[in-house]
């Protein structure tokens, strides 16, 4: 409740900041992110088990990439657009308000960046609840936000479990939007809980992605499909866990899939 109160109070001034002010803070955050890059990678490898090379090249690199991309998009984004010179009609994009952000354990800093940075960029304030299984990267990111100089109350970190803290966030009357990445089961519960306060809900849930491979597909389609599903130990919402193969190449597909799977080394992080 204290975090939500702080976010609600901070929103009054934060929503009025200029695009240039937000860009300046995000660019400072990016510099600090680069400075603490290896620390973030080591934390994620330790807390969620990614091999350190993968924690560097995929987990932590994706967070930096999102930061860079959102800064670029913010620079080019028009918060107000007029239809034409002869019309008084226009579109004005305004911040939603206080956002509750709930992130998963399998891509910690990637998901934090995907939710926190756009909220910053658009003038929203927020409460972040990372997975209780993997909270360390979020704590480091919180230190980075503080070092960058974001105003007090704009960003708030709350640790805890989904059933307790997550439920309180999704049903809180002073939170205007929920963004959740996690299981379909939890997503259903969040939608039901958020309905009582008519808040916006954005869900990224588990999937059952499919590969479709035809006889004339590129030569490594089957092998790449196997490697894609095995990446991050298969723990990705977009992992392509099905493969539909044209009958004429079924035998080759079975052989190549087994061969590629046997090449993958499973070891300690």
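In the numbering used here, the protein residues as written are -1 to 267.
Backbone N, C-alpha and C define an ideal beta-carbon position, used for all residues, glycine too.
Nothing here was measured: the structure is a model prediction, and the numbers come from that model.
Which value, in whole angstroms, describes the spacing of the CA atoms of residue i and residue j?
i           : j           : result
residue 8   : residue 259 : 51 angstroms
residue 138 : residue 155 : 11 angstroms
residue 14  : residue 230 : 40 angstroms
residue 166 : residue 158 : 11 angstroms
residue 71  : residue 91  : 14 angstroms
residue 241 : residue 255 : 10 angstroms
List the DSSP bridge partners of residue i.
i           : result
residue 2   : Answer is none; residue 2 lacks a bridge partner.
residue 153 : 124
residue 179 : 202
residue 90  : 78
residue 209 : 241
residue 98  : 125 and 176
Restricting to Cα atoms, I'd like to know which of the options is closest to residue i.
i           : options               : result
residue 35  : 44, 53, 20 and 25     : 53
residue 250 : 226, 232 and 211      : 211
residue 153 : 136, 169, 165 and 232 : 136
residue 22  : 59, 73 and 46         : 73
residue 60  : 106, 45, 117 and 90   : 106
residue 185 : 244, -1, 94 and 99    : 99
residue 0   : 234, 202 and 172      : 172
residue 117 : 233, 256, 252 and 17  : 17
Answer with buried or exposed for residue i, where buried requires no fewer than 16 other C-beta atoms within 10 angstroms of its C-beta.
i           : result
residue 175 : buried
residue 200 : exposed
residue 218 : exposed
residue 162 : exposed
residue 264 : exposed
residue 10  : exposed
query: Which residue spans inside the segment 220 to 244 form an unbroken alpha helix (DSSP H) run of at least 4?
result: none
- request: Kindly provide the ranges of any beta strand (DSSP E) runs that are 3 or more residues long and lie completely inside the segment 10 to 87, ordered along the chain.
  value: 78 to 80
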